[in-house]
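Just so we're aligned: 78 in our numbering is position 75 of the sequence shown, and the numbers increase by one with no gaps anywhere.
Heads up, the beta-carbon is just placed ideally off N, CA and C, and yes, glycines get one too.
It should be emphasised that the depicted structure is a prediction, and the values quoted were computed from it without experimental measurement.
Worksheet: the structure to be examined is printed underneath.
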Amino acid sequence: VNEAAPLYHIGEDKEYPRMLIIVSDKDMENRYEQTLLTASTLKHFGHREDKVKLLVKNGGHCHYLPTFEENGENSFAKMVADYIES
4 VNEAAPLYHI
14 GEDKEYPRML
24 IIVSDKDMEN
34 RYEQTLLTAS
44 TLKHFGHRED
54 KVKLLVKNGG
64 HCHYLPTFEE
74 NGENSFAKMV
84 ADYIES
């Protein structure tokens with residue numbers, strides 16, 4: 004599992020594109036902390052803070068996928084579109 008984890012592929016000699024990282028605060032045990040560690044490690048190795056956006060959502064794993072805004076727009080699609088437009 005560790006060999007496939009993004010955390011183990013972060014290094015000083017790599018340049019990364021902008022990233023949107025979405026995590027649920029009630030996901031599997033330790034997933035929230037692992038995601039925060041990944042974002043922190045990117046910054047530690049010099050990935051600019053303005054290029055890593057971390058969104059924390061309430062609820063369980065991917066609970067936001069089938070949810071919709073008041074205007075009928077899919078919540079997940081809105082998060083991604085807002086990030087792309089920023």
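Inset, instruction - Count the other CB atoms, across all protein chains shown, that sit within 10 Å of the CB of Ser27; report buried if there are 16 or more and exposed otherwise. - result: buried
Inset, instruction - Kindly identify the DSSP beta-bridge partner or partners of Lys46. - result: For Lys46, which the question treats as bridged, DSSP gives no partner whatsoever.
Inset, instruction - Could you please give the first and the last residue of the uninterrupted beta strand (DSSP E) stretch that includes Ser27? - result: Met22 to Ser27
Inset, instruction - Tell me whether His50 is buried or exposed, calling it buried when 16 or more other Cβ atoms sit within 10 Å of its Cβ. - result: By the neighbour-count criterion, in which 16 or more other beta carbons inside 10 Å mark a residue as buried, His50 falls on the buried side.
Inset, instruction - Could you please give me the residues that DSSP links to Leu40 through a beta bridge? - result: BP columns for Leu40 are empty, so no partner.
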